[in-house]
């Protein structure tokens with residue numbers, strides 16, 4: 001039971017397509033059994049020497065972190081200070097050009113300091129030829145002043 005518990009806690013029991021447990025790999029079973037035998041013989045994880053316990057701990061950490069090749073590749077991919085400074089300068093330049101484009105796209109009235117109400121009323125736009133909204137007709141009293149759900153029966 002403890003071997004199965006060790007395999008389950010380590011996530012080494014493969015699942016089938018239907019979700020059922022499949023038998024574990026032979027090497028995983030052997031490793032779990034060896035660990036269990038060592039625990040029963042020594043009465044726990046009391047390693048005989050510091051080197052062995054250090055090796056076991058380092059082995060576990062390496063499995064968590066990944067191989068040293070991956071760490072070395074990540075260190076090599078770190079950008080240099082010059083590359084970062086150039087990237088920041090490029091971003092600042094792009095931001096400035098975007099701000100300039102935004103200013104040129106905005107209508108002139110947004111950039112002026114006079115009140116917007118005055119400009120709104122001084123426009124010389126013609127009135128629309130059609131109504132801007134459709135009036136609500138009350139089907140109860142047949143008036144256009146309100147919709148049916150707001151009808152007061154006294155109208």
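Numbering (the UniProt record's numbering), first residue to last: 1 to 155. Beta carbons are placed, not taken as given, at the ideal position from N, Cα and C, and that holds for glycine. Since this is a predicted model, take the numbers as computed values, not measurements.
Of the residues 32, 37 and 4, the one whose Cα lies closest to the Cα of residue 22 is 4. Looking at the backbone, the Cα of residue 149 and that of residue 143 are separated by about 13 Å. Here residue 4 carries a helix assignment [DSSP, helix/strand/coil].
For residue 25, no alpha helix (DSSP H) run applies, since DSSP gives it neither H nor E. A straight-line Cα-Cα distance of about 18 Å links residue 127 and residue 135. In the structure shown, residue 15 adopts extended strand secondary structure according to DSSP, grouped into three states. Residue 32 counts as buried, since at least 16 other C-beta atoms from the protein chains shown sit within 10 angstroms of its C-beta.
Taking C-beta separations shorter than 7 Å and ignoring five residues to either side along the sequence, the partners of residue 138 in its chain run 146, 147, 148 and 151, following chain order.
Spanning the alpha carbons of residue 58 and residue 11 requires a straight line of approximately 20 Å. Residue 60 and residue 88 have their alpha carbons spaced roughly 40 Å apart.
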